[in-house]
Amino acid sequence: MIRLLVFLGFLSAITACKENLEAPEIIYKVPPEFSVDLFQARDAGLGGATFGLWVESMAPYDYANYGILSQVNVDDQQNIYVKILGPETPVTGLGAPDKARAFIPIKNFADGTYAFTLALGSALENKGTLVVKNGNYSLSMPGLQGFVLQNPELQAIAKPLIWGYVENPSELTKDAAEACIRDLKGLSADHGLTPGFYSYFTITGAGNSFLHTSIESDVPAILFIRSFNNDTAALRNVLNLYRDPQNQQPLKVHCFSTFGAF
749 MIRLLVFLGF LSAITACKEN LEAPEIIYKV PPEFSVDLFQ ARDAGLGGAT FGLWVESMAP
809 YDYANYGILS QVNVDDQQNI YVKILGPETP VTGLGAPDKA RAFIPIKNFA DGTYAFTLAL
869 GSALENKGTL VVKNGNYSLS MPGLQGFVLQ NPELQAIAKP LIWGYVENPS ELTKDAAEAC
929 IRDLKGLSAD HGLTPGFYSY FTITGAGNSF LHTSIESDVP AILFIRSFNN DTAALRNVLN
989 LYRDPQNQQP LKVHCFSTFG AF
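Throughout, our numbering is defined as the position within the sequence shown, counted from one, plus 748.
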């Protein structure tokens, strides 16, 4: 009888232990499908800025003109919800295989702190916080899955500025391209920007600069980022001079600004 009682007590202890054990927490890691940058897109006509996200696929698709499908909602409490649905297949494919990419407009926000949800399809939601201060944006999203948050800190361009590049694909264009940059510098001044990400370009701590993937050149080029308080007519004259198809070596000059594209 004692042996039976001991055995039953042993079974009871085992059962109690099993009941006290919690089910192991299973954490699923979703590999990133898209990279995300905070971004202020500039209107080509007048240069007005709209805040949103620049999104690119991690994998290439069949053509260069794949877009990205998305849904955006900002509710009455200013909670922000962005859902990335996937690549958008073009009606007519153009260019070599490349990443799908798109600017996802949201809206401009006053200084403050906002709840931000970034979803991948209907199965995955990432929760975070967007902080806006003095026109600059900062997104914190701990435990982010499905995305790589490449540029979570965005500095607004708060002064008149021009930026872009002169294509310089060969020795034949070198002299003209360098002359164009000299003439643009003659109309402008040093940008005077602190290091940071400014949507279309980044200024490094060493004072160097590079263009964002949304506008970067696919051929060798000379970039420029300049403070501009001159007459835009003078800027157009310089650009037209070097773009003139009657030139022996007409240039492709890509010029953007806080007051429109030229």
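Note that beta-carbon positions come from the ideal geometry of N, C-alpha and C, so glycine has one too.
If we call anything under 8 Å between Cβ atoms a contact, is residue i one with residue j?
i     : j    : result
G1008 : G795 : yes
R790  : F976 : no
L801  : V830 : yes
S805  : P835 : yes
V833  : C928 : The displayed chain sequence assigns Leu, not Val, to residue 833. Contact flag unset, no.
L920  : F895 : no
N874  : D785 : no
L878  : I816 : no
Y913  : S965 : yes
F864  : G876 : yes
H1002 : I963 : yes
Pick from the options: whose alpha carbon is nearest that of residue i?
i     : options                   : result
D719  : A927, A792 and T961       : Any property of residue 719 remains undetermined from this structure, which presents the chain solely from 749 to 1010.
R728  : Q893, K922, V830 and L941 : There is simply no residue 728 to check, as the chain begins at 749 and stops at 1010 in what is shown.
F851  : A969, P993, I951 and S783 : S783
F958  : L971, D966 and V967       : L971
P853  : S888, V822 and G876       : V822
D694  : L909, N813 and D785       : Because the chain here runs from 749 to 1010, residue 694 falls outside it and cannot be looked at.
T1006 : P917, I828 and K907       : K907
N995  : L935, G934, L932 and A924 : A924
L872  : K777, Q997 and T837       : K777
Y811  : K933, I951, G841 and D824 : G841
D859  : M889, S870, A982 and Q826 : Q826
A982  : L932, I905, D824 and N956 : L932
I951  : K922, V820, G891 and I905 : I905
Would you decide whether residue i is buried or exposed? Buried here means 16 or more other CB atoms lie within 10 Å of its CB.
i    : result
Q903 : buried
R930 : exposed
Y990 : buried
N985 : exposed
P808 : exposed
V967 : exposed
E781 : buried
S818 : buried
S918 : exposed
L887 : buried
L987 : buried
I774 : Unreliable placement is indicated for I774, whose pLDDT of 45 sits below 50; no coordinate value is reported for it.
S936 : buried
Q788 : buried
L897 : buried
D992 : exposed
Residue i lies in the alpha helix (DSSP H); which residues open and close that run?
i    : result
G934 : E919 to G934
Taking 8 Å as the CB-CB limit, is residue i close to chain B?
i    : result
Q826 : In the displayed structure, chain B is absent; only one protein chain is listed.
Please report the residue range of the beta strand (DSSP E) in which residue i lies.
i     : result
A981  : Segment T980 to R991 is the alpha helix (DSSP H) holding A981; no beta strand (DSSP E) there.
I905  : First-last for I905: undefined, no H or E at that position.
E873  : L872 to K881
P808  : A797 to Y809
N939  : Sequence inspection shows His at residue 939; the Asn mentioned does not correspond to that position. Per DSSP, H939 belongs to no beta strand (DSSP E) and is neither H nor E.
L833  : I828 to E836
I973  : A969 to S975
S783  : F782 to R790
F958  : S957 to L959
K847  : D846 to P853
S1005 : V1001 to S1005
V820  : G815 to V822
A858  : No beta strand (DSSP E) contains A858, which DSSP labels as neither H nor E.
E915  : L909 to E915
F1010 : Neither: F1010 is in no beta strand (DSSP E) and is coded neither H nor E.
N899  : F895 to N899
I951  : F949 to I951
Please look up how many angstroms separate the CB atoms of residue i and residue j, rounded, as I've assumed it's under 8 Å.
i    : j    : result
F799 : K881 : Not quite, the Cβ-Cβ distance comes to about 13 Å (not below 8 Å), so this is no contact.
E915 : A844 : 18 Å between Cβ atoms; not a contact.
Y948 : W911 : 6 Å
A792 : Y814 : A792 to Y814, Cβ: 21 Å. No contact.
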